[in-house]
Each structure stands twice: as C-alpha cells, then as structure tokens.
Amino acid sequence: MAPKSSAAFTLAALSIFLAAERAHGAAGLASCPCLEWAGLDSHLTGNHIVYKPIGSGVSYNWPANYGNGACQTHDAGLAPLCGQGGNATRRLASFPSWCNDQWCWVSKSSCQGASFMRSVLFPGVTDLYFSYGTCGSIDSFSAWAAGNFGSSSLNFVVESYLQSSRSQIEDAYRKNAGSVSLECIYTNQCSCQSCEQNSAWGQKLNAAEVGTWLKPGTETEGQRLASCMTKAVADTFRRVAAKESDAQTSRVGYQYFADQASGSMITWPLADWCPATGFDPRFRPWYAAGATGPKDIVVVVDVSGSMNNANRHQKSQQATEAILNTLVWKDFATIILFNSGIAAVYSDVLVPVTNTNRECMLKWLDEQNWKSGGTNFRVPIEKVFAVIEASVTAGKTSTCQRAVMFLTDGQAEFDEADFLQAQQKSSEWDTAWFTYALGSGANTAVTKRLACDNKGIFYPVSDTADLTQIMAAYYAYFASGQASCSPSFSRYADANTAEILYAGCLPMLERTAYNSSLLGVACMDVNMLSSIDQLKAQPNFAWEQLACEMSDVTKKCRHMHLTDCSLQKLRLQVSTESICGANAASVKTQKCPCLDRTCKDEESFVDEKGYFCDSWIGDDCSKAATEKWSYSQSGQAMLMQKCKLSCGLCELKDPCPYNEPEECSSSSLSSSTCRACKSKVSGVGIDDRAMCCPGKAGTYAPKCGEAADSPTPSSGCPWGDISGTANTVIHIGTLTVITLVEWITQALL
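Structure follows, in structure tokens:
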C-alpha cells in the first residue's frame, strides 16, 4: 500500500507531479515533441488500424490516430491488454498501469530529457519510437508515493506487468506450437553493436532495445518457437521500461523471460553480454522460485562404494549442489547420505535455505565421503520420516509441498512390510516419492514401487542419459498441479554492480481445461520502479510493508491438485517404464477429471490456532480435532467449512465439464494487511530475517525493527543443530518427493 506520509511529504510529491504536468503540453516536451508519424497511414484498413499481436490468431481494431501527434491515453480501453476482447484479456487480474497513461510517437534523434523506447507493434517498422515521459506520465513510484494508488501495493504493479507478459507469451505459444514455418526476427543478445557503456550498470547496453539469447544446441524448431514467444513479450518489456525507467537509465533493474523447452532467454535492456558455456537460466534460483511454490526438500543420496563406477559419486555431489542452488529463502531442506547405514546428515531438522545456510550446506558436501560401504534402503527411509516429524514439531517447515529426492545405484533388501510402512508414513505426512535408479546395476523394482505407492514418479537413469532433459521434469511436476496467479519474489545481487535486486517472477503455462504445463518463467525487478534506498527512505514503515507483502505472497502455499490420471500422464512424459500399472496407449488417450471451479477457500479466514487455509494444503482437515493437531470439534467444523479447497473437499468432476482453462481473477496482493500480522508464519522473510509486522506487533509476529534476526552460531554453520524446538506440532502441506535425477541434470551443467 502507499505510505501514509506526512503532510509535508504528500505536498512535496504533489508539487512534483503538478510541475511535471505544467511542463508537458498536448504536443509533449519542447525538447521531445510528439511526432506526426507519416507511416501510420500505410497500416490503416478503412478508418482504423488492425493490430495483430505477434504469435496471436486474433486481430483488434484500433483508432486511426493511434499514438499520432499528441499526448493522449491512446491505449485506454483497447484489447487485448487494456480492455475487454480476445482470449488474452481474460487472464489479467488487472490492467497494466500504462493503460491509462498518456504517450505519443517521438523521434529518437529529437528527444531529449525524456525516456523513449522503440516500438515493435508494426511488423517491418524498425525506426518508430514512443515516450510516456514527454507527455508527463509519471512513473509508478511517484504516483504511489503521492498517494494515487489508494490502498493498492506497489508490488501490485509488478504483478500486473507480469500478468501482461503471461498473456502475450501464452497466446503466442498456443498459436505457434507445432508450426513448421515459424520465423520471428529478434535482436541477438551477444555482440551488441548498438550498446554504449553505462556507468550506473557497469556494462554496455541499449535501453531502447530488448535482447534475445537462444541457447546453443537447441533444435531449430524449439529455437524458432522460443524466438516467437520472446518476440511476443518484447512489447510488454518495452512499455514497462518506457514508463518506469528514467531518461538517463541510471537505475539498475531488469526484465527477463526464460523458455522451459529450449533454455533460451530474453532480457531488457539489451546488453553486450553473452552467457558463458554451460549457462542455463532454468537452473537459476529465480527460475525455480518462480516455477514452484514453497517446499520442503529432503535429499537422500546413495554414497556406497558402487558410486565410484562411471564417476557417479561426482555426479551425485554435483546434483546435490545444483539442488541447493535452485532453492531460495522460502524453501526448507536437509541432506541425508547413506550406504550400509546413515553415512552423514546435514541437519536432523529442515533449515530455511537462506544464502548463509546454502553456503554452509555446500561446504558440508565437500567434506563428505561419497563412495564407501554397502547399501541399505531401510535405514535412510526411516530417517526421512524422523526428519519430517522432527521438523514439523519444531516448526522448521514451509508448511507447503515437500520433496524427498531418493537416488541410488545399488541393490538392497526391502520387503512387503517395508513397503507398507513407507506407504503408511507417506500417507500420514502426505508424502509423494520421486525415485531415481542410476546406472544398469540399480534396483528398479524397489525404487519404482516406492514412487507408484506414494504419488510420485520413478526415473530410470542410465550413466549416459541426458540429465539436463530429465531435470526439466522437476519443474513440470509442480507446474502441472499448482495454480500460480501471483508472483514469487526473490533477492539477488547484480553480477555487474553487486547492487541488491528484488525480483518478482511468474510462471508461464500451457493450459488445458484440467491441467497445465510449464512454458517458462518471466521476471521483473522491483528496482525498475524505484531504488531500494529510495523505498527504504519512505515514512511510516513503507518498505517494511512492501517487504512483508513480497514475503507473504511468496510464502503462501500454492494449491496443488494432481489426479491419478494427470500423474500418469506426467509419468509417461518421463518414460513408459515410469507408468504405474497401465499401458502407454490408455494413459495417453484417457480424459482426466478436474475440480469444481466454484469451490474456493475463504481467503481471510484464520483458524483457531492462527493459520490461514492454505497452510492446510495436503493435510486431512477431518483429523484436526485428533491428538495430532488438538483442535476443538467446533474449530475443525469451521475449518472444513471455510477451507474447502485447501482441505481437499472440492468435488471432482468426471468427465471434466470445462472447455477452457481456468484463469486468474484476483490478486493475492489485494489485501493491505500482511499475513504475518494476522497468522502464524514459519521461516524467514525475503531479507533472510525473522518475519515481522510493520508498524505494530501482530498476534504472532513482533513489530518490524524489534524482531531479532535469525541466529547465526559463532561456528558459522549449524550442522545438526535443532534450535527453537517447540512442543506444538504445526501442520504441513503436501510432501512431494522430487526426483533426484532431475537434480543431477542441473549438476552437470
């Protein structure tokens, strides 16, 4: 929400706004006048312009004077992004803020004192530029600081921009997937000839352009499809940059999109930057954070003597390191290494994957022996459930999805009683197993049954397998079952300037009526709207509110629903060997059921022990009044009434009656009150600090500024430490076992 600033601050902001308005006329700044673009007439059909978004099969009629000669709100009410009409519009929870801003065409050579951007609206036109600044349209931060946003959050602007990117990318994919004649022109990110050195960014760049990098080694059709999706989103990137960046481009902040199928990437601004050999954006923390919700991960790796074969021990360590490098502060994790017994355990409870904890875990991995002893499956599996229970008891959990990755290359005894016990424990803690049998000597019978019994996926992996492709299944699993309508936020340091940037990321999805699959992830840095120092200088806990909102929406559990039918289809994507108790033909042709879309949670409801509905995802709400959770009978009844979706009480419709995919209709950022002020929260916030409540203490969280930072032992790394253990069990969400082979993929890059 906008800061409730002092009268002096509000008047100052308002005076800046009015001064800007007086300096701009209908024709724009004298130093950057609006252009009467002569080429516009050639794009007229009758008395209007026909606009067809790149990659879209739908055309829209726009006014004949669009952008021409004068400052106007040329986009107001126009589909697909600023008005009703066409498939693209339905996915927008709100319209981008530029929709109601004035702008006009300008000449690149005659524009000084205002930012401008090259337009890509008209195919074949490469020398047309536009500007919001010359028309007095102020950036989102200035409008927010002046109180023009009402109770809306500045983070909501980021979400609306990302929703626009989603709309364009998903429409382009639907139109172009399977086409054999794709040819989308793009600007190559490498060897930028038009880039000039920018001291603020510490690199050469061209702020009027968007750059594309197609990952080497990708097959031609995949590159063409990626180029068309990146071309489609370039319009949103340009408009955002034109409205939000300053004329000197002195504020560091990026927009970027990475494609799941090819690993290609598009970035604003265009920079003279070519990734190093082996770079893959799909294995960066921001990508995984955007593609998946909060999760708990237990990595279980075989380190017996046979791992010395085919260099498996090094691959396994690299895989484990890669796993850690895709996790962020919202996730919890630990590592179990086993041979004939427990070889080593990083921590007996899960730890939040802050930057400090990640470095400790990586250091710990280097100190372990990865190739000695025999193989025993029983002991490490028992340890997995001991860790889960201890973590829940201690409150060391995301309260959302959990992932146990089980990798082995060996053989070990595991009888019917062992399978039944694993199934009982997995059901109790809602655990899904993803198992990986590495090499020709691995026990596929045990690993496959563990996955099939427990809602997971089995991966047979040869020593020569393309582990990069296998890794992609990790993201596909979560994206297929989760609804993602709001961004996830992460914090990182810019490689050139070391400036701390805050990125909001949203998955792009191929949607069907009953399922979805991941197309890629698009991100925008909050820093594009304002420097973090400027935000922190705002009065009345404005930055604390924004940071709390970023933490809230990122830590919120995502609803995940995979029917047996949908899960079998995911297994088939891995291999026919991964299917459980069916044949490939029947799995491929089966029509999957879907949930009743009218069944929802009451978003504002907090149960009698202080939890929102989404904290119950994966748990059995009908057992809330048992000794395990200790709710009252009335509390359990209210929970099941208010949290039908999270409690899994929604009707499963078979056959699925819907012909179109479900769309996002509201934002998780619409509330002005941080969840940390109203309910129990676990872990840390986006700044790796304990969650707090802006302005005043909440029921469960301290006031910001009075909250103690997460403790760091003097030794630096709390291996095996269980600090803050409580006697109260907090409930968890779905425990999802992630495939280890997916992680190995990452490691080999």
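Going left to right, the sequence shown walks through residues -25 to -1, 1 to 724 as mature numbering (1 follows the signal peptide of the UniProt record, and there is no 0) numbers them.
Beta carbons are placed, not taken as given, at the ideal position from N, Cα and C, and that holds for glycine.
Since the model is a prediction, treat every value here as computed from it, not as a measurement.
Let me know if S237 comes out buried or exposed under the rule of 16 or more other beta-carbons within 10 Å of its beta-carbon. buried
Continuous beta strand (DSSP E) assignments of at least 3 residues falling wholly in the stretch 62 to 145: 79 to 81, 104 to 106
How would you call T101, buried or exposed, if buried means at least 16 neighbouring beta carbons within 10 angstroms? Exposed, because fewer than 16 other Cβ atoms sit within 10 Å of the Cβ of T101.
Alpha-carbon spacing of D247 relative to K179, whole angstroms: Going from the Cα of D247 to the Cα of K179 covers about 5 Å.
Buried or exposed: G111, going by 16 or more other Cβ atoms within 10 Å of its Cβ? buried
Give the DSSP bridge partners of P38, in chain order. P38 pairs with H23.
Residues near D76 by beta carbon distance below 7 Å, same chain, minus five either side: T48, Y107, S112, K218
With 16 other CB atoms within 10 Å as the buried threshold, where does G479 fall? buried
Assuming T410 and A426 form a contact by the criterion Cβ under 8 Å, report the distance between their Cβ atoms to the nearest whole angstrom. 5 Å
Considering only their Cβ atoms, is the gap separating V95 from R213 smaller than 8 Å? yes
For the alpha helix (DSSP H) that N181 lies in, which residues bound it at each end? N181 -> not in any alpha helix (DSSP H); beta strand (DSSP E) instead, spanning 178 to 181.
Given a threshold of 16 other Cβ atoms within 10 Å of its Cβ, counted over all protein chains shown, does R546 qualify as buried or as exposed? buried
Is it the case that the Cβ atoms of Y262 and V496 are separated by a distance below 8 Å? yes
How many Å lie between A5 and M92 at the Cα? 18 Å
Kindly list the residues whose CB is nearer than 6 Å to the CB of T700, restricted to its own chain and excluding five residues on each side of it in sequence; keep chain order. Low local confidence applies: a pLDDT of 31 at T700 is under 50, so the model's placement there is unreliable, with the coordinate-based value given in what follows. The answer, listed in chain order, is A369.
Does chain D have any CB closer than 8 Å to the CB of K218? Note that chain D does not occur in the displayed structure, where there is just one protein chain.
Please state whether the Cβ-Cβ distance between Y288 and K346 is less than 8 Å. Correcting the residue identity first, residue 288 is His in this sequence and not Tyr. For H288 and K346, yes; Cβs fall inside 8 Å.
Straight-line CA distance for A560 to T551? The straight-line gap from Cα to Cα measures roughly 10 Å.
Indicate the three-state DSSP secondary structure (helix, strand or coil) for K678 in the structure shown. strand
Pairwise C-alpha distance: S505 and K653: 28 Å
Where A440 and S17 are concerned, what is the direct C-alpha to C-alpha distance, given to the nearest angstrom? Taking the straight line from one Cα to the other gives about 54 Å.
Out of W37, N43, G3, state which residue places its alpha-carbon closest to the alpha-carbon of W12. N43
Would you kindly check if the distance between the Cβ of A297 and the Cβ of L325 is under 8 Å? no
Where N181 and G88 are concerned, what is the direct C-alpha to C-alpha distance, given to the nearest angstrom? 17 Å
Range of the contiguous alpha helix (DSSP H) that encloses A365: Per DSSP, A365 belongs to the alpha helix (DSSP H) from 353 to 369.
Spatial distance of A183 from I475 (CA atoms): If you take the alpha carbons of A183 and I475, they lie about 24 Å apart.
In or out: C249 buried (at least 16 other Cβ within 10 Å) or exposed? exposed
With a threshold of 8 Å, are at least 3 pairs of Cβ atoms found where one atom belongs to the stretch 660 to 669 and the other to the stretch 515 to 530? With a cut-off of 8 Å, the stretch 515 to 530 and the stretch 660 to 669 count as touching, because enough Cβ pairs lie within range.
Cβ-based neighbour list, S605, same chain, cut-off 6 Å, excluding 5 preceding and 5 following: none
Judging by CA-CA distance, which residue of A39, N40, V25 is the nearest neighbour of V33? V25
Hey, could you find the ends of the alpha helix (DSSP H) S609 is sitting in? 608 to 617
Please name the residue or residues paired with S491 in a DSSP beta bridge. R486
Cα-Cα separation, S373 to Q457: Going from the Cα of S373 to the Cα of Q457 covers about 16 Å.
Closest to Q543 by C-alpha separation, out of D594, C567, R533, C532, would be which residue? C567
Taking all protein chains shown into account, decide if I432 is buried (16 or more other Cβ within 10 angstroms of its Cβ) or exposed. Burial state of I432 is buried, judged by a 10 Å Cβ sphere holding 16 or more other Cβ atoms.
Among the residues of its own chain, which have a CB less than 7 Å from the CB of D571, if the five just before and after it don't count? C625, E626, K628
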